[in-house]
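**Student:** The sequence shown begins at 6 in our numbering and counts up one residue at a time. Beta carbons are placed, not taken as given, at the ideal position from N, Cα and C, and that holds for glycine. Predicted model only: the values in this text are computed from it and were never measured.
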Amino acid sequence: MQLRQSERKKAKIKMALQGSAGSGKTYSSLLLAHGLTNGDFSKIAIIDTENGSADLYAHLGNYNVLTLTPPFTPDNYIKAIDVCEKAGIEVIIIDSISHCWDYLLDYHSSLAGNSFTNWAKITPLQKAFTDKILQSDAHIIATMRTKQDYVLNQKDGKYIPEKVGLKAVQKDGLDYEFTIVFDVDIKHFAVSSKDRTGLFMGKPEFIINSATGRKILEWCNSGTNLQDAREKIKSTKNLDELKVLYNQYSNWRELLEYDFKVQKDTINSKEILLNPKSFSTNGSTSHH
Numbered sequence: 006m007q008l009r010q011s012e013r014k015k016a017k018i019k020m021a022l023q024g025s026a027g028s029g030k031t032y033s034s035l036l037l038a039h040g041l042t043n044g045d046f047s048k049i050a051i052i053d054t055e056n057g058s059a060d061l062y063a064h065l066g067n068y069n070v071l072t073l074t075p076p077f078t079p080d081n082y083i084k085a086i087d088v089c090e091k092a093g094i095e096v097i098i099i100d101s102i103s104h105c106w107d108y109l110l111d112y113h114s115s116l117a118g119n120s121f122t123n124w125a126k127i128t129p130l131q132k133a134f135t136d137k138i139l140q141s142d143a144h145i146i147a148t149m150r151t152k153q154d155y156v157l158n159q160k161d162g163k164y165i166p167e168k169v170g171l172k173a174v175q176k177d178g179l180d181y182e183f184t185i186v187f188d189v190d191i192k193h194f195a196v197s198s199k200d201r202t203g204l205f206m207g208k209p210e211f212i213i214n215s216a217t218g219r220k221i222l223e224w225c226n227s228g229t230n231l232q233d234a235r236e237k238i239k240s241t242k243n244l245d246e247l248k249v250l251y252n253q254y255s256n257w258r259e260l261l262e263y264d265f266k267v268q269k270d271t272i273n274s275k276e277i278l279l280n281p282k283s284f285s286t287n288g289s290t291s292h293h
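1) Mark residue 68 as exposed unless 16 or more other C-beta atoms lie within 10 angstroms of its C-beta, in which case mark it buried.
2) For residue 248, which residues does DSSP report across the bridge?
3) For a test of the three-state rule: what should DSSP assign to residue 21, helix, strand or coil?
4) What are the partner residues of residue 150, as DSSP defines its beta bridges?
5) Taking just the CA atoms, how far does residue 194 sit from residue 210?
6) Within the continuous alpha helix (DSSP H) that includes residue 80, where are the two ends?
7) Could you check whether residue 224 and residue 202 sit closer than 9 Å to each other, using their CB atoms as the reference points?
8) What runs of the alpha helix (DSSP H), each 4 residues or longer, lie entirely inside the region 195 to 281?
9) For residue 263, collect the residues of the same chain with a Cβ closer than 6 Å to its Cβ; drop the 5 residues on either side in sequence, then sort them by chain order.
10) Since residue 134 contacts residue 83 with CB under 8 Å, what's their CB separation in whole angstroms?
11) Contact defined as beta carbons within less than 8 Å: I believe residue 23 pairs with residue 149. What is the distance between those atoms, to the nearest angstrom?
12) State the DSSP-derived secondary structure class of residue 46, mapped to helix, strand or coil.
13) Could you give the C-beta distance for residue 99 and residue 127, rounded to a whole number, given that I count them as a contact under 8 Å?
14) For residue 193, name the three-state secondary structure that DSSP assigns.
15) Under three-state DSSP, which class holds residue 158?
16) Report back the beta-carbon spacing between residue 36 and residue 215 to the nearest angstrom; my notes put them in contact at under 8 Å.
17) For the alpha helix (DSSP H) containing residue 65, list its first residue and its last residue.
18) Among 70, 48 and 111, which has the Cα closest to the Cα of residue 78?
19) Do the region 100 to 108 and the region 44 to 54 touch if we need at least three Cβ pairs shorter than 8 Å?
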């Protein structure tokens, strides 16, 4: 039994992509995985529950496919992850985890007796599956289907129905377990609805590519040094101190961009509170 300081480089990214059918979740996942493996498709595996959709992109490279067939029990998913881990796979794409939740809902509805108390039989099964993902020694990208819905958008004076993805088909709150969650729309644009890395939160929508995966890998491998940098940025008391760190961490500027922006806004807010008279009504500093 040994105590050690926490190091992010000991961990692997656990992320999810959610979107409606046709939003490009499988393709985007493969590009992310390509970046996470530094371009080595042989270190990528797709656990495919989507009727062979994993093979649609075989032209990209020689990635591995493990086809899951019904019933989509949590135990079958766990066994599939085990197979990938034992084969030395670095990135496991689970496409999709929504079928597991569909199975559990069907199983719950088939149980006799009180519906509420029957959830006690479902929860441990879901937890075992979630724990397997979170404790895996591989990077994991899970896709989640969203329930289809339509909104009416006005175009040229007419209301035209347009498909949108809404709620992910999975257990409520599962997205909190992931480090990053990307919402992918029908036009293949992604935004992060959850991001503990600070790399994508608050950024405009973009199309996922291999560089996105490389950026995440860089974050994973930056270890404790990047965390130290984040703490130093948070402890700066004025813009001069912040500027010194901005120049000092030039190599990590892109990774720390969000942290610098938040701290700059924090410092400016404190300045306004402490010296309200030195700021004019339009928010710019007045010079005397």
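**Tutor:** From the atom records:
1) buried
2) In the DSSP output, where bridge partners are listed per residue, residue 248 has none listed.
3) strand
4) 24
5) 6 Å
6) 79 to 91
7) yes
8) 215 to 226, 228 to 239, 244 to 253 and 258 to 279
9) 203
10) 6 Å
11) About 4 Å; that satisfies the 8 Å criterion.
12) Secondary structure at residue 46: helix, using DSSP grouped into helix, strand and coil.
13) So it is not a contact: roughly 19 Å between Cβ atoms.
14) coil
15) Of the three classes helix, strand and coil, the one that applies to residue 158 here is strand, per DSSP.
16) 5 Å
17) Run containing residue 65: none; DSSP gives neither H nor E here.
18) Ranking the options by Cα distance to residue 78, first place goes to 111.
19) In short, these stretches touch, since the Cβ pair count reaches three.
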